[in-house]
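Chemist: Everything in the sequence shown is counted per UniProt numbering, starting at 1 for the first residue and increasing by one.
Every residue, glycine too, gets a C-beta built ideally from N, C-alpha and C.
So that we are looking at the same thing, I have put the structure below in structure tokens.
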Amino acid sequence: MLKTKFLLENNKKKINLLDLNLKKMINFFLQLGEKKFRAIQVMQWIYKKYCINFNEMNNLSYILKDKLKNISTIQLPKCIEEQKSNDGTIKWKFLCNTKFIETIYIPEKNRATLCISSQEGCSLKCDFCATGKLGYTRNLLISEIIGQIWFVINKIHQLKLKNYILHPITNIVMMGMGEPLLNLRNIIPVIDIITHKYGFNFSKNKVTLSTAGVVPAINKIAGKIDISLAISLHASNDNIRNMIMPINKIYNIKMLLLSIKNYLSKSTANRGIVTIEYIMLLNINDSMFHAKELSVLLKNIPCKINLIPWNPIKNSFYKCSSHERITAFLNYLKSKGFIITIRKNRGSDINAACGQLIGKNIFKN
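Here it is in structure tokens:
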């Protein structure tokens, strides 16, 4: 009882168990005077049996359940809206504190990708991105990031019980609202929970962290985190990148590519290559000159290139490159031996496509 009182006094509010990876969960139970196997039991209830009600955890004693209810909770972010696209994409809007974040489910024939958010808004102000125009509010908590995944996996599970089938999530991408590497303190345990056998148990090859190029953070996680890495490059030279991505004025392309090499030298995820994301902006970065520059820039970087047709946002002067210019860009890079694809436009009718996430409706017509 004294240890329970100590935990409450030091936290002042109930501990959300979704904020704890296995290591922290074990420490939590040890402080309660419990054996560490209790941590594994609770992790399994949460992440294997989709149970967040202490009363239903039937291999825990009544005394332990009461103790847990007094000092802890399993609290998800509140889902306040679901939108379905004509192409099958689903967007969920969650209320976190007083702001909204968005999570996107993208089904394919043989897989489904979940795109999760890591911040309320974004501080990087990429000029072509609606999220960047919101500004930055705060980093999401571990529970708010993990809660997005738990909510969707549980929803798919519940629908399956009702014979309504959504394809299970096969891939998780941190490409939603915010810059994950500016929330590194929480992202590291999030990745641990996503990939741990007592967590969601995803393969490291099926989890992708996308960054606009926070070089010190990329160097910091090299050798500590081993998941697939995607880089939002979007330009073939510093002049263009400075214009459309202000972060490049701090960490330029040369610095970014060096950090990528460092990460890849210590990673075995995704066959040792990085995904280069390149948004196609008409008459900005989409000419043959830019394709040639990009081929030289990336010739020593093991990578696959993902061309992204720009998705319109309101009050922007940018236009998406034409199909002909995108195809010519692709064919040139393919002729140089690059693995390259064009990303399908998914969910744009509900503002769920790349660069359109805003957590509110200010850009809707």
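Tell me the DSSP secondary structure of Asn365 in three-state form.
Modeler: For the purposes of this step, residue 365 is taken as the residue at position 365 of the sequence shown. The predicted model places Asn365 with a pLDDT of 35, which falls under 50 and marks its position as unreliable, so this point remains unresolved.
Chemist: Judging by CA-CA distance, which residue of Ile15, Leu124, Arg241, Pro302 is the nearest neighbour of Asp286?
Modeler: Indexing the sequence shown from 1 puts residue 286 at position 286. Considering only alpha carbons, the answer is Arg241.
Chemist: Taking only runs of the alpha helix (DSSP H) that begin and end inside the segment 197-241, which ones reach a length of at least 4 residues, in chain order?
Modeler: Whole alpha helix (DSSP H) segments, 4+ residues: 215-221.
Chemist: Following the continuous beta strand (DSSP E) through Lys84, name the residue where it begins and the one where it ends.
Modeler: Here residue 84 refers to the residue found at position 84 of the sequence shown. Its beta strand (DSSP E) spans residues 78-84.
Chemist: Please report the Cβ distance between Ile225 and Ile188, rounded to the nearest whole angstrom; I am assuming they are in contact, meaning their Cβ atoms lie under 8 Å.
Modeler: For this step, residue 225 is matched to residue 225 along the sequence shown. For this step, residue 188 is matched to residue 188 along the sequence shown. Yes, they are in contact, since the Cβ atoms of Ile225 and Ile188 sit about 7 Å apart, within 8 Å.
Chemist: Please report how far the alpha carbon of Asn331 lies from the alpha carbon of Cys51, in whole angstroms.
Modeler: Position 331 of the sequence shown holds residue 331. Position 51 of the sequence shown holds residue 51. Roughly 50 Å between the two C-alpha positions.
Chemist: Could you tell me which of Ala353, Ile358, Leu20 sits nearest to Arg185, measuring between CA atoms?
Modeler: Counting from one through the sequence shown, the residue named residue 185 turns up at place 185. With distances taken between Cα atoms, Arg185 lies closest to Leu20.
Chemist: Please tell me whether Thr275 and Leu229 are closer than 9 Å, where the distance is taken between their beta carbons.
Modeler: In the sequence shown, residue 275 corresponds to position 275, counting from 1. In the sequence shown, residue 229 corresponds to position 229, counting from 1. A contact, by the Cβ cut-off of 9 Å.
Chemist: With distance defined between alpha-carbon atoms, name the residue in Met57, Leu76, Ile191, Leu258 nearest to Leu68.
Modeler: Position 68 of the sequence shown, counted from the start, is the residue given in the question as residue 68. Answer by Cα proximity: Met57.
Chemist: Considering only the alpha carbon of each residue, which of Ile253, Leu297, Asn219 lies closest to Ser267?
Modeler: Residue numbering aside, residue 267 sits at position 267 when the sequence shown is read from its first letter. It is Asn219.
Chemist: Excluding the 5 residues flanking Gly272 on each side, which residues of the same chain have their C-beta closer than 7 Å to its C-beta?
Modeler: Here the question's residue 272 lines up with position 272 in the sequence shown. Cβ neighbours of Gly272 beyond the five flanking positions: Leu264, Pro302.
Chemist: Cβ of Met255 within 9 Å of Cβ of Val215?
Modeler: By one-based count along the sequence shown, residue 255 stands at place 255. By one-based count along the sequence shown, residue 215 stands at place 215. In this structure, Val215 lies closer than 9 Å to Met255 by Cβ.
Chemist: Tell me, to the nearest whole angstrom, how far the beta carbon of Leu176 is from that of Glu102; I am working on the premise that it is less than 8 Å.
Modeler: Here residue 176 is taken as the residue at index 176 of the sequence shown, counted from 1. Here residue 102 is taken as the residue at index 102 of the sequence shown, counted from 1. Before going on, a small fix: residue 176 reads as Gly here, not Leu. Right, their Cβ atoms sit about 6 Å apart.
Chemist: Quick check: the Cα distance between His234 and Cys126, rounded to an integer number of angstroms?
Modeler: Here residue 234 corresponds to residue number 234 of the sequence shown, with the count starting at 1. Here residue 126 corresponds to residue number 126 of the sequence shown, with the count starting at 1. When rounded, the distance between both Cα atoms is 10 Å.
Chemist: Where does Gln119 fall in DSSP's three states?
Modeler: Taking the sequence shown and counting its residues from 1, one reaches residue 119 at position 119. Here Gln119 sits in strand by DSSP.
Chemist: Could you give the C-beta distance for Ile153 and Leu166, rounded to a whole number, given that I count them as a contact under 8 Å?
Modeler: Walking along the sequence shown from the start, residue 153 turns up at place 153. Walking along the sequence shown from the start, residue 166 turns up at place 166. Actually they do not touch by this definition, with Cβ atoms about 10 Å apart.
Chemist: Could you tell me whether the Cβ atoms of residue 373 and Ile149 are closer together than 9 Å?
Modeler: It is not possible to answer for residue 373, since the shown part of the chain is limited to 1 through 365.
Chemist: For Lys91, which three-state DSSP category applies?
Modeler: Position 91 of the sequence shown, counted from the start, is the residue given in the question as residue 91. Residue state, collapsed to three classes: strand.
Chemist: In this structure, how does DSSP classify Met57 when only helix, strand and coil are distinguished?
Modeler: Here residue 57 refers to the residue found at position 57 of the sequence shown. It is coil, neither helix nor strand.
Chemist: Would you mind stating whether Ile71 and Leu32 have Cβ atoms separated by less than 9 Å?
Modeler: Residue mapping note: residue 71 aligns to position 71 of the sequence shown, counting from 1. Residue mapping note: residue 32 aligns to position 32 of the sequence shown, counting from 1. Their beta carbons are under 9 Å apart, which means Ile71 touches Leu32 by this criterion.
Chemist: Considering only their Cβ atoms, is the gap separating Asn262 from Ala212 smaller than 9 Å?
Modeler: Position 212 of the sequence shown, counted from the first residue, corresponds to residue 212. Position 262 of the sequence shown, counted from the first residue, corresponds to residue 262. No.
Chemist: With a cut-off of 8 Å on the beta carbons, I'd call Gly147 and Leu18 a contact; round off their distance for me.
Modeler: Working through the sequence shown from its first residue, we reach residue 147 at position 147. Working through the sequence shown from its first residue, we reach residue 18 at position 18. About 6 Å separates the two Cβ atoms, so the contact holds.
Chemist: Within its chain, find whatever has a CB closer than 6 Å to the CB of Ile26; leave out the 5 residues flanking it on each side and keep chain order.
Modeler: Counting from 1 along the sequence shown, the entry for residue 26 is found at position 26. Correct list, in chain order: Lys36, Ala39.
Chemist: From Ile358 to Gly121, what distance separates their C-alpha atoms?
Modeler: Start at 1 with the first residue of the sequence shown, and residue 358 comes out as number 358. Start at 1 with the first residue of the sequence shown, and residue 121 comes out as number 121. Distance between the alpha carbons of Ile358 and Gly121 is about 7 Å.
Chemist: Can you tell me whether DSSP reads Phe29 as helix, strand or coil?
Modeler: What you label residue 29 is simply residue 29 of the sequence shown in a count that begins at 1. Correct three-state label for Phe29: helix.
Chemist: Could you check which residue in Ile106, Pro180, Ile104, Phe151 has the C-alpha nearest to that of Arg138?
Modeler: In the sequence shown, counting from the first residue as 1, residue 138 sits at position 138. Measuring from the Cα of Arg138, the nearest candidate turns out to be Pro180.
Chemist: Less than 6 Å between C-beta atoms, sequence neighbours within five positions excluded: which residues of the same chain meet that for Leu2?
Modeler: The count along the sequence shown starts at 1 and reaches residue 2 at position 2. The predicted position of Leu2 is uncertain, since its pLDDT is 43 and thus under 50; a value taken from the coordinates is nonetheless stated next. Nothing listed; no residue qualifies.
Chemist: Identify which residue in Lys24, Ile142, Thr73 has its Cα closest to the Cα of Lys13.
Modeler: Numbered from its first residue, the sequence shown carries residue 13 at position 13. Minimum Cα distance to Lys13 is reached at Thr73.
Chemist: In angstroms with no decimal places, state the Cα-to-Cα distance between Lys23 and Met288.
Modeler: Your numbering for residue 23 matches position 23 in the sequence shown. Your numbering for residue 288 matches position 288 in the sequence shown. Straight-line Cα distance between these residues: approximately 51 Å.
Chemist: Just to confirm the assignment, what range does the beta strand (DSSP E) spanning Arg325 have?
Modeler: Counted from its first residue, the sequence shown places residue 325 at position 325. No beta strand (DSSP E) contains Arg325, which is instead part of the alpha helix (DSSP H) from 323-335.
Chemist: Give the DSSP-derived three-state secondary structure of Phe128 in the structure shown.
Modeler: Locating residue 128 in the sequence shown gives position 128, counting from the first residue. Three-state result, Phe128: coil.
Chemist: Buried or exposed: which applies to Pro168, given that a residue is buried once 16 or more other Cβ atoms fall within 10 Å of its Cβ?
Modeler: On the sequence shown, position 168 is the one that residue 168 refers to. Label assigned to Pro168: exposed.
Chemist: Exposed or buried, His323, counting other C-beta atoms within 10 Å across all chains shown (16 or more means buried)?
Modeler: Position 323 of the sequence shown holds residue 323. Burial call: exposed.
Chemist: Going straight from the alpha carbon of Leu307 to that of Lys336, what length do you get?
Modeler: Here the question's residue 307 lines up with position 307 in the sequence shown. Here the question's residue 336 lines up with position 336 in the sequence shown. Approximately 15 Å, taken between the alpha carbons.
Chemist: Please classify Lys206 as buried or exposed, where buried requires at least 16 other C-beta atoms within 10 Å of its C-beta.
Modeler: The residue given as residue 206 occupies position 206 in the sequence shown. Label assigned to Lys206: buried.
Chemist: Measure the alpha-carbon distance for Pro77 versus Ala291 and round it to whole angstroms.
Modeler: Residue mapping note: residue 77 aligns to position 77 of the sequence shown, counting from 1. Residue mapping note: residue 291 aligns to position 291 of the sequence shown, counting from 1. Pro77 and Ala291: Cα-Cα distance of roughly 43 Å.
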